[in-house]
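Protein sequences appear in the order of chains B and L. Residue numbering for the first sequence follows our numbering, starting at 1 and increasing by one per position. Residue numbering for the second sequence follows our numbering, starting at 1 and increasing by one per position.
Number of protein chains: 2
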Amino acid sequence: MGTTSKALSLLNFFSRATPEIGLTDMARLAGMNKATTYRLLTDLAAHGFVEQAGTGREYRLGPAFLRLSALREAAVPMREVAVDVLKSLSIATGETAHMSLLQGGQLSTFAFTYSDAHGTQVRMEDAEVLTLHATSSGLAVLTFSPADLVDQVLSQPLKALTPETVTDAAQIRQQLDQCRQQGFAVSIGGFERDVHSHAVPVFDSRSNCIGAVAVAAPVTRMDDALQTLIQQELLGSAVRLTRLLGGFPPAHFRPKL
Amino acid sequence: MGTTSKALSLLNFFSRATPEIGLTDMARLAGMNKATTYRLLTDLAAHGFVEQAGTGREYRLGPAFLRLSALREAAVPMREVAVDVLKSLSIATGETAHMSLLQGGQLSTFAFTYSDAHGTQVRMEDAEVLTLHATSSGLAVLTFSPADLVDQVLSQPLKALTPETVTDAAQIRQQLDQCRQQGFAVSIGGFERDVHSHAVPVFDSRSNCIGAVAVAAPVTRMDDALQTLIQQELLGSAVRLTRLLGGFPPAHFRPKL
DNA sequence: CATTGTCGGTTCATTATTTGAACCATTGGT
DNA sequence: ACCAATGGTTCAAATAATGAACCGACAATG
């Protein structure tokens with residue numbers, strides 16, 4: 001791995017749960033020498049990609065991202081486009097709609113909309129990491145990802161996030177087959193208890209799967225009629241989103257509408 | 001310069017005006033070999049920091065920034081805090097208020113609010129680069145920056161953005177002296193014609209100047225009363241913002257209120 | 001329709017940078 | 001007063017970055 005990649009990979013250790021990381025911890029997390037880690041962090045800090053909170057304190061993500069994400073959004077108004085599509089999706093289904101993006105092997109939510117049709121709704125958080133094996137979005141993405149990513153994910157021990165999480169690799173592969181046939185993936189309580197979610201992949205201009213659109217509803221509200229509605233709306237929204245983002249569904253994405 | 005810094009510095013060439021840059025152009029801009037540039041861009045692309053638009057197309061900023069800026073904002077809700085302060089500032093003055101951040105020698109706007117007190121108002125753009133010598137924010141930042149940054153900026157030929165832009169280094173140093181005494185900087189039509197703006201620096205926890213708050217009004221509306229109002233409100237807002245962001249004004253920032 | 005220029009991308013011997021074990025200096029807990 | 005952390009630093013050894021030249025593809029040009 002090149003030096004640049006090492007430096008950039010450090011940024012992936014920051015998360016909602018651990019927004020600040022000390023030098024020693026970071027070195028251990030990255031499996032790198034402390035001196036190396038220090039120099040990389042210093043380089044990142046010089047460009048505002050990380051900063052140190054107080055005096056001699058831990059590192060956290062820097063202010064550069066504010067500027068660069070504003071520029072990105074100005075060049076490619078992805079979030080705006082996504083929110084538009086998600087909004088109508090959540091209105092049509094009466095449930096929470098969200099979109100996630102795959103970046104460096106991690107899937108994280110980047111936009112979501114709520115419906116006000118019901119008092120209860122599934123709550124989302126920005127930039128939350130969605131496990132690939134335990135969410136409908138993850139399954140949808142895996143289904144249309146290169147085999148080596150699938151193998152890599154499924155060869156590791158799979159963590160059960162709820163009692164309902166499917167952690168058996170063979171069983172997950174079955175789910176992927178089903179998703180390939182139906183065009184959408186399903187997860188019932190696999191990520192959060194009492195949440196039933198459907199997801200459909202989204203593709204870029206080279207037909208690589210870049211993420212997924214999903215609708216999440218409380219299991220108590222889910223019935224056949226709602227499932228059918230969600231599946232139809234979701235497939236339509238995902239295809240529309242793919243097109244709006246300048247992407248093309250691959251040849252092997254043939255949902256039976 | 002280390003490899004990491006080189007890679008990160010490539011990102012600075014993207015701007016609102018040039019959101020996409022080809023390999024050859026990028027190499028020329030960065031003054032680096034094409035092969036080097038290619039490898040760096042590839043590394044950046046692997047982490048989602050840049051991406052290629054179509055097939056064999058130019059590079060642009062990638063989707064990683066969406067995620068990382070969301071995480072940054074979750075850890076350090078700077079924008080939220082800033083917008084709150086700016087909102088009351090623009091209400092109090094009846095004019096456009098904005099805040100800019102200094103990153104890697106570049107000052108760029110990262111939040112702004114409008115007032116609806118008048119039909120005309122100064123318009124802002126997100127992530128717009130503010131020149132250090134031709135804007136009130138730039139002058140405010142320079143005033144409280146290390147001498148070497150000031151020297152570096154003023155030793156280069158200064159570009160005139162309007163007929164009113166002050167491009168004489170000695171004259172600018174006078175403006176900096178005045179800002180040091182008054183606590184705020186002023187620019188009349190130096191960046192955009194017919195815009196009269198005031199700015200006050202903002203500091204971090206180590207009392208380094210990290211940016212500025214400013215109020216921009218049409219020159220036609222500016223009179224003594226408005227100037228006094230803006231200066232008072234601005235100084236108060238900047239100090240409040242510095243505190244809210246966990247910063248401390250340095251010993252030599254002594255505005256006479 | 002051949003010519004030329006430019007583009008993104010690739011190669012590989014040379015070279016300069018990164019690396020990491022050991023070492024400081026501080027801090028905070030016991 | 002001690003010990004065990006921490007962030008930060010050093011310098012010879014090892015490795016990764018570098019850049020001139022080179023491709024193949026495409027577009028404009030004559």
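C-beta: ideal position from N, C-alpha, C; glycine also.
Query	Result
Closest Cα partner of A238/B within the set R57/B, V76/B, E73/B and H198/B	H198/B
Beta-carbon neighbours of G247/B, restricted to chain L and to distances below 7 angstroms	The premise fails here: G247/B is roughly 11 angstroms from chain L at the closest Cβ pair, so nothing lies under 7 angstroms.
Of the residues L132/B, D177/B and L161/B, the one placed nearest S155/B, counting alpha carbons only	L132/B
Short CB-CB distance (under 8 angstroms) between T3/B and chain L	yes
Assigned secondary structure, V83/B (DSSP; H/G/I helix, E/B strand, else coil)	helix
Chain-ordered residues of the stretch 59-82 of chain L with a beta carbon less than 9 angstroms from chain B	R60, L61, G62, P63, A64, F65, L66, R67, L68, S69, A70, L71, R72, E73, A74, A75, V76, M78 and R79
Cβ of R123/L within 8 angstroms of any chain B Cβ	no
L142/B, DSSP secondary structure in three states	helix
Limits of the unbroken alpha helix (DSSP H) element including M26/B	L23 to A30
Near-chain L residues of the stretch 31-51 of chain B (beta-carbon distance less than 8 angstroms), N- to C-terminal order	R39, L40, D43, L44, A46, H47, G48 and F49
G104/B at chain L interface by Cβ criterion, 8 angstroms	yes
Span separating the alpha-carbon of L261/B from that of L11/L	A query on residue 261/B cannot be resolved here, the shown segment of chain B reaching from 1 to 257 and no further.
Selection of the stretch 2-24 of chain B by Cβ proximity to chain L, strictly under 9 angstroms	G2, T3, T4, S5, K6, A7, L8, S9, L11, N12, F14, S15, R16, P19 and E20
Chain L contact for S205/B (CB, 8 angstroms cutoff)	yes
Identity of the residue in C179/B, Q152/B and L161/B nearest A169/B by Cα	Q152/B
Given K159/L as reference, the closest of D148/L, I172/L and D116/L once Cα atoms are compared	I172/L
Span separating the alpha-carbon of T36/L from that of F13/L	16 angstroms
Ranges of the beta strand (DSSP E) found wholly within the stretch 131-199 of chain L, counting only runs of at least 3	185-188
Cα-Cα separation between T165/B and D116/L, rounded to whole angstroms	52 angstroms
Whether R79/B touches E73/B by CB criterion (8 angstroms)	yes
Selection from T96/L, L101/L and A64/L that minimises the alpha carbon distance to G105/B	A64/L
As assigned by DSSP and simplified to three states, the class of E51/B	strand
Residue closest to E233/B, alpha-carbon to alpha-carbon, out of G247/B, P255/B and F248/B	P255/B
For F65/L, three-class secondary structure by DSSP	helix
Expected contact under 8 angstroms - CB spacing of A134/B and L161/B to nearest Å	5 angstroms
Span of the alpha helix (DSSP H), counted from its first residue to its last, around L11/B	Where L11/B is concerned, there is no enclosing alpha helix (DSSP H), given that its DSSP letter is neither H nor E.
The stretch 175-190 of chain L: positions lying closer than 8 angstroms to chain B by Cβ	none
Cβ-based burial, M26/L [other Cβ within 10 Å; buried from 16]	buried
Through-space distance from L130/B to A17/B, alpha-carbon basis	13 angstroms
Beta-carbon proximity of L107/B to G62/B, cut-off 8 angstroms	no
Spatial distance of F248/L from P218/L (CA atoms)	32 angstroms
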